[in-house]
Each structure stands twice: as structure tokens, then as C-alpha cells.
Amino acid sequence: MPLIVQKYGGTSVASLEHIRRVAERVAKTYDQGNDVIVVLSAMAGVTDGLINMARKITETPEKQELDVLLATGEQTTAALLAMTLKAMNYPAKSLLGFQAEVLTDRAFGNARIMDIGASRIKDLVARRTIVVVAGFQGADADGNITTLGRGGSDTSAVAIAFAVKADMCEIYTDVDGIYTADPGICKKARKLYTVSYDEMLETASLGAKVLQIRSVEFAKKYNVPVHVRSSFSEEEGTMLVNEATNMEQPVVMGVTCNKNEARITLKNVPDQPGIASKIFSPVAEAGIVVDMIIQNTRSEGLTDLTFTVPKISFKDAMEIEKKVAAEIKAEDVFGDENIAKISVTGVGMKSHSGVAATMFSTLAAVNINILMISTSEIRISCVVEENYAELAVRVLHTAFGLDKEEHAPV
Ligand code: ADP
Ligand code: ASP
Ligand code: MG
Numbered sequence: 005m006p007l008i009v010q011k012y013g014g015t016s017v018a019s020l021e022h023i024r025r026v027a028e029r030v031a032k033t034y035d036q037g038n039d040v041i042v043v044l045s046a047m048a049g050v051t052d053g054l055i056n057m058a059r060k061i062t063e064t065p066e067k068q069e070l071d072v073l074l075a076t077g078e079q080t081t082a083a084l085l086a087m088t089l090k091a092m093n094y095p096a097k098s099l100l101g102f103q104a105e106v107l108t109d110r111a112f113g114n115a116r117i118m119d120i121g122a123s124r125i126k127d128l129v130a131r132r133t134i135v136v137v138a139g140f141q142g143a144d145a146d147g148n149i150t151t152l153g154r155g156g157s158d159t160s161a162v163a164i165a166f167a168v169k170a171d172m173c174e175i176y177t178d179v180d181g182i183y184t185a186d187p188g189i190c191k192k193a194r195k196l197y198t199v200s201y202d203e204m205l206e207t208a209s210l211g212a213k214v215l216q217i218r219s220v221e222f223a224k225k226y227n228v229p230v231h232v233r234s235s236f237s238e239e240e241g242t243m244l245v246n247e248a249t250n251m252e253q254p255v256v257m258g259v260t261c262n263k264n265e266a267r268i269t270l271k272n273v274p275d276q277p278g279i280a281s282k283i284f285s286p287v288a289e290a291g292i293v294v295d296m297i298i299q300n301t302r303s304e305g306l307t308d309l310t311f312t313v314p315k316i317s318f319k320d321a322m323e324i325e326k327k328v329a330a331e332i333k334a335e336d337v338f339g340d341e342n343i344a345k346i347s348v349t350g351v352g353m354k355s356h357s358g359v360a361a362t363m364f365s366t367l368a369a370v371n372i373n374i375l376m377i378s379t380s381e382i383r384i385s386c387v388v389e390e391n392y393a394e395l396a397v398r399v400l401h402t403a404f405g406l407d408k409e410e411h412a413p414v
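Take 5 as the starting number for the sequence shown in this note's numbering and just add one per residue.
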């Protein structure tokens, strides 16, 4: 019998009425002769609400206790869906992360899945029970509850699909697939019916939250079939594939926008060996991931160094760099949280020149100043002022020929 994992995001389980509709979809899949495992997120807004509540107690809640709190969001929806299915006379059972044997490391708030035993899930499935697993959570080797980072229930679903060798992992969300740009920002975005794992990896790492990046890493590594689709329609969504099958591979596959980074500049740093290490080692030791780095050489042995960090680590990184600046005798440190990183991606870029030039001239034509640039084989990113982020996405989307065709009015 085919085995299907269905993951429903926060907007899909936002109320009891939404949960009832999810139950109907699950029941239909089951009645069609499939075994079904459901992985759930918390109701939309609940995780944010819990974080805000904790912050009212202290600005920096202890990460381990915060995970105990955040895991309740998914505990709630898992129980409610199992109850709804049972009320509809379907055999169902909810499982929390630890009951589903989701073993993680000890990185509270951003834990990585190490292993999934899944024996209990498999036993239940063998008895034709619909298993409802609370996503986003697991437990470390000592049994402490952990969570997998924001958007982590995507990763729960893909990892469970791999552990049980599911035939398909369906990610149900509030859009009907992966688009050439965030459809919430760019009305002319087009739906893509297939996206390669590599392109999705870039897209997710560049800010498209439609799939958590770790879920894509996992899917690529273990070849898990993933179908991203809408819980509000029957439309076919987007399949992740090994290589895009389109005969005519477009050079640019999509435009993404990431507003989750901030930049820090150290001004007039002495240009000497070992300075970069003094600036970046303490940041790395604090577990802060640096993304883009640029260094401008000035005259008289001085240089400016600018880099970006996740916004959530901005305050900590600023504190660290103020100390470093005093130590290495840099003139000043300043930060800017109002930036956005705009990127164009596509495996087709490997064999094409001129993509960067088009990107820069398109932004210049609408007077958008580029603050930082970085490139890889299949991506070009520019940091711009946050206010211009949406405009930048839209003009680039048009410039690279991604806009959907306008239908003539009938
Ligand atoms: P869920 O709660 O179901 O996990 P998310 O809000 O995490 O849903 O992810 C879905 C959202 O991702 C969409 O509403 C959309 O605004 C956003 N998104 C960003 N980039 C893209 C893209 N390229 N294609 C589709 N959706 C995107
Ligand atoms: N509820 C968690 C979050 O909001 C996990 C998820 O939705 O995937 O980040
Ligand atoms: Mg999500």
C-alpha cells in the first residue's frame, strides 16, 4: 500500500474549521487506499505568541525552557487533528516528537535531527492507523525536548518520510507551489512545476521561507520525493527533482528577498595580517553565522570591513565587535538593520555570462543603490536598503523575463 506523509503548515491548521478541512483531506487520501502519516505545525501565529510571552518574563529566555514552551504549539494541533479524525470514525493516534523517536542534538532552539527510530510510527501504520506527529520538535539523548528552528516542521516531515521510506512527502501550505518569486511580493510570479533540489537549496537559503533549508538538504541527500502544494485547492503543486527536466532551461529561475540579515561595519581597521581573524573568530565562537563579507582598502594602511549576520544575532555581534574594535584600534563600529538581500538564482547561470551586468543595470535604472555584492556559480546577491526590497524583486523579475504572461481581457 502506498505510504504518504502530509505536512500541514500554520495557516492550514489556523482554526478548528481549518483542522476539520485537513482531516477531510487526510481521510480522503486514506480512503483512496494509502497509508497516511500527518506532520503538523502549530496554528498560525502561535509560535510567535509563545515567544512574545516568554520575552515578557525576560529578554533572553533560557533556550531549553523556551523549547518546552514552543513545543506546546505543535502538541495542541496534533491532539486536535487526531481527535477530529477519531470523531469522523477514522483510526488515528497523535505522537509527540520524542514518541516518534525523533532524536536530535542538544542545540536548543535550532536542533538538528540525528536519527529517527520510527518503530512506533511503523507499528501504527501497519495496523492501518493514521499517525499524527507533532512537527518542529524532538528530544536529545537525555530526553530533553528540543525544537528544530523556525519553519522546522518541514524538516520533521522530510526526515520522517525518509525514515519510513514513504512514497511521497507532501508539504501543504498557503501557496500552491514554488514560484519564480514570493507571490506575496511579486504578483507576476509564475508557478514552477518542477524545481531541482540544488535550486531549491539556494532559494531556501536566500530567504524563501516556503521550505526550511534543512528540509531541502535532507531531501536532496536522501532523494526524498517532495511535492509542495496548497491545502486550499486540489491544484498540482511543485515537485522537487534531481535535475530540472525543462528542455529550455531558463538562465534565471527565480528572484528571492531576505530581510533577516543586518550589516556591521568596522571603520578604519589597521590593514595587517591576522586582523580578519581577530574580527571573525569571536563571532564564530559565539555561534553566529556570518554571511557576506567585503573589505575596502583605504589609503595609509587602513581598511573598512563590512559583514552581515542574522538579525537575531545582531545585538550580540555588535557587542562583540565593539570590544574587538577597541582591541585592534579600529576607529568606529556601526550597524544597519534596515537592509535586504536580493538574489537571482538558476542552474542555467553556470553557462551564461552577463547575468550580473543585467542585475546591476536593472537596479541602477530605478535608482537603487547596491550596498554589497556576492556571487556563486548559480546565484548573484545584492544587499540594498530594505525600503527598496520589493521594488528590486519586481524589476529584476521583469528584467529576467520571469513575469507571467498577461491574459488579454475577454
Ligand atoms: P507554512 O506555514 O505552511 O509552513 P510558510 O509561511 O512557512 O508556510 O511558507 C509559505 C510562504 O512562503 C508563502 O505564503 C509565500 O509568501 C512564501 N514564499 C517565499 N518565497 C516563495 C516562493 N518562491 N514560492 C512560493 N512561496 C514563497
Ligand atoms: N511552528 C514553528 C514555526 O512557526 C514550526 C513550523 O511552522 O514549521 O516556526
Ligand atoms: Mg513554514
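Where is the CB? At the ideal position from N, CA and C, for every residue including glycine.
None of these values were measured; they are calculated from a predicted model.
Please return the same chain residues whose Cβ sits closer than 6 Å to the Cβ of M243, not counting the five positions on each side in sequence. T198, H231
With a floor of 4 residues, list each alpha helix (DSSP H) that falls wholly inside the region 258-292, ordered by position along the chain. 279-289
Using the rule of at least 16 other Cβ atoms within 10 Å of the residue's Cβ for burial, across every protein chain shown, is H356 buried or exposed? exposed
DSSP three-state call for V106: helix, strand or coil? strand
In three-state DSSP terms, what is G181? coil
Is any heavy atom in ligand 3 found nearer than 8 Å to the beta carbon of S45? yes
So, does the region 337-350 touch the region 384-392, judging by three or more C-beta pairs under 8 Å? yes
Report the partner residues of C386 according to the DSSP bridge assignment. I346, I377
Identity of the residue in V256, G147, S317, L89 nearest P286 by Cα: S317
Strand pairing of D119, partner residues [DSSP]: L107
In terms of residue numbering, what span does the beta strand (DSSP E) encompassing D340 cover? 336-340
Can you tell me whether D186 is buried or exposed? The criterion is at least 16 other CB atoms within 10 Å of its CB, across all chains shown. buried
Are A393 and K263 close, meaning C-beta to C-beta below 9 Å? yes
What separation, rounded to the nearest whole angstrom, lies between the Cα atoms of E206 and D146? 34 Å
Is DSSP giving E221 helix, strand or coil here? helix
Could you check if E78 belongs to the surroundings of ligand 2, using beta carbon to heavy atom distance under 8 Å? yes
Could you give the residue range of the alpha helix (DSSP H) that holds D320? 318-332
Can you tell me the Cα-Cα spacing of V26 and Y12, whole angstroms? 8 Å
Can L375 and A396 be called in contact, C-beta distance under 9 Å? no
Residue burial classification, D127 (beta-carbon count within 10 angstroms, cutoff 16): exposed
Rounded separation between V414 and K408 - CA only: Bear in mind that the predicted position of V414 carries a pLDDT of just 47, short of 50, making it unreliable; the figure below should be weighed with that in mind. Each residue's Cα considered, the two are about 17 Å apart.
Which value, in whole angstroms, describes the spacing of the CA atoms of V273 and K326? 12 Å
Spatial distance of R29 from V72 (CA atoms): 30 Å
So what does DSSP say about L20, is it helix, strand or coil? helix
Give a single yes or no on whether T159 has its beta carbon closer than 8 Å to a heavy atom of ligand 1. no
N56: first and last residue of the uninterrupted beta strand (DSSP E) it sits in: No beta strand (DSSP E) holds N56; the alpha helix (DSSP H) holding it covers 50-61.
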